[in-house]
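In what follows, a structure is listed as structure tokens, so that the remarks can point back to it.
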Amino acid sequence: MAFLSVLTPFKGTPLYEQMAGDGRMLPERGWEFYNGYNVTFRPRAMTPDELLAAHRRLWRRAFSLPDAFGRAWRGVRRLRAGALLMSLCMNGFYALKALRGNLPADMRGREEYRDFEKPRHGAALPFGSGVETDELQGAGPYAK
82 MAFLSVLTPF KGTPLYEQMA GDGRMLPERG WEFYNGYNVT FRPRAMTPDE LLAAHRRLWR
142 RAFSLPDAFG RAWRGVRRLR AGALLMSLCM NGFYALKALR GNLPADMRGR EEYRDFEKPR
202 HGAALPFGSG VETDELQGAG PYAK
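Positions in the sequence shown are counted from 1; adding 81 to them yields my numbering.
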């Protein structure tokens, strides 16, 4: 079963530091883009939009009915019962998504995130706990 995602350089990783150092990160893209299905950096050989379009083309092809049935058929001949059941369920799920035209969400046009205020130091948390972000510093399990 194929799992297709877009390279996502998360903050705090060496990849993020390298891409940020090269000026390749897209700082206007908030956390809603860090889901493995949207582009958060400038690729070297194409634009971010071209990378997203290529991912969606690959998604459509890999999860098309012929490809899903091909993987399922190979599984019938090669997999043990438990693995076969999982393969049939996963391929069926993604084939159904393909039939319905259900692609991963493209966060660029999502209205609910257009005016989304990014959390900032000292801001109240969005879930209404009444706790300020300043109060959470040092409150984790490894706090001294």
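All C-beta atoms, glycine included, are put in the ideal place defined by N, C-alpha and C.
- Would you kindly report the start and end of the unbroken alpha helix (DSSP H) that includes N172? Here residue 172 corresponds to residue number 91 of the sequence shown, with the count starting at 1. Looking at the DSSP string, the run of the alpha helix (DSSP H) that includes N172 is 162-180.
- Message: Please classify F122 as buried or exposed, where buried requires at least 16 neighbouring CB atoms within 10 angstroms.
- Response: Here residue 122 is taken as the residue at index 41 of the sequence shown, counted from 1. So F122 counts as buried.
- Task: Compare the C-beta of R141 with all C-beta atoms of chain C and state if any pair is closer than 8 Å.
- Result: Among the chains of the structure shown, chain C does not appear; only one protein chain is present.
- Item | Alpha-carbon to alpha-carbon, L139 and A162 | As a first step, residue 162 is located in the sequence shown; it is residue number 81 there, counting from the start. As a first step, residue 139 is located in the sequence shown; it is residue number 58 there, counting from the start. The straight-line gap from Cα to Cα measures roughly 29 Å.
- Message: Tell me the residue span of the alpha helix (DSSP H) that contains G156.
- Response: Locating residue 156 in the sequence shown gives position 75, counting from the first residue. That run of the alpha helix (DSSP H) goes 146-159.
- Less than 8 Å separating the beta-carbons of N119 and L133? Translated into positions along the sequence shown, residue 119 becomes position 38. Translated into positions along the sequence shown, residue 133 becomes position 52. Their beta carbons are under 8 Å apart, which means N119 touches L133 by this criterion.
- Message: Using only the alpha-carbon positions, how far apart do A149 and G173 sit?
- Response: Residue mapping note: residue 149 aligns to position 68 of the sequence shown, counting from 1. Residue mapping note: residue 173 aligns to position 92 of the sequence shown, counting from 1. G173 has its alpha-carbon roughly 7 Å from the corresponding atom of A149.
- Spatial neighbours of L169 within its chain, please: CB distance less than 6 Å, with the 5 preceding and 5 following residues excluded, ordered by chain position. Walking along the sequence shown from the start, residue 169 turns up at place 88. Correct list, in chain order: A153.
- Message: As a quick exercise: from L146, M188, A186, G190, pick the residue whose alpha carbon is nearest that of M68.
- Response: The question about residue 68 has no answer, for the chain in this structure spans 82 to 225.
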